[in-house]
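Numbering (our numbering), first residue to last: 3 to 168. Note that beta-carbon positions come from the ideal geometry of N, C-alpha and C, so glycine has one too. First up is the structure itself, then whatever we jot down about it.
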């Protein structure tokens with residue numbers, strides 16, 4: 003019986019020694035004093051220009067060339083959008099002003115434009131980055147004196163690439 007106790011104690015001691023040798027202690031979490039970046043610190047202040055060209059296809063039979071020039075100051079956005087479009091039943095140019103606000107990288111703009119002598123107002127939604135601006139085009143609803151995006155529907159994104167401001 004004494005021999006069995008000695009063997010058991012020896013095995014237990016061997017297991018403890020093996021545990022100590024092969025056990026890796028848990029690593030302490032690394033704590034840094036890096037400042038927390040908040041979304042409201044992102045700023046796009048400055049002047050930006052973007053353009054896009056669309057070639058007519060059987061699915062989209064209109065060719066389009068558009069230019070956007072905006073100036074962002076704080077949360078205010080002002081600018082212009084001009085373009086031409088031509089297709090099987092029309093060909094015209096349009097020009098107008100953009101005005102609205104920016105929140106993070108999302109722009110909510112009113113586009114006051116003249117096309118074929120008619121004045122219109124359309125609310126437009128965009129997302130901006132350093133090298134492009136993306137218009138989120140929704141089907142439009144007429145409300146009062148303006149057209150507004152129907153946010154209950156799906157949008158089609160239209161990408162404008164950064165261009166040199168002239």
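On the three-state DSSP scale, how would you describe residue 57?
coil
Among residues of its own chain, excluding the 5 on either side of residue 63, which ones have a beta-carbon nearer than 8 Å to its beta-carbon?
89 and 90
Alpha carbons only, please: which of 115, 54 and 66 is nearest the one belonging to residue 82?
Of 115, 54 and 66, the residue nearest in Cα terms is 115.
Are the beta-carbon atoms belonging to residue 161 and residue 54 less than 8 Å from one another?
yes
With a CB to CB cut of under 6 Å and the five nearest residues on each side skipped, what residues in its chain are close to residue 42?
For residue 42, the predicted model reports a pLDDT of 48, less than 50, meaning its position is unreliable and no value from the coordinates is stated.
Should residue 40 be labelled buried (16 or more other beta-carbon atoms within 10 Å of its own) or exposed?
Residue placement at residue 40 cannot be trusted, given a pLDDT of 49 that sits under 50; what the coordinates show is reported in the next sentence. Classification for residue 40: exposed.
Check the C-beta distance from residue 100 over to residue 72 and give it rounded, since I have them as a contact under 8 Å.
With 8 Å as the limit, residue 100 and residue 72 qualify as a contact, their Cβ atoms being about 6 Å apart.
Taking residue 109 as the reference, give the member of 139, 59 and 122 with the closest Cα.
139
Compute the Euclidean distance between the alpha carbons of residue 124 and residue 45, then round it to the nearest angstrom.
26 Å
What are the uninterrupted segments assigned as beta strand (DSSP E) that are 3 or more residues long and contained completely in the stretch 97-152, given in chain order?
108-117, 120-130, 134-139, 142-145 and 148-151
In the DSSP output, what is residue 84 paired with across the bridge?
69 and 97
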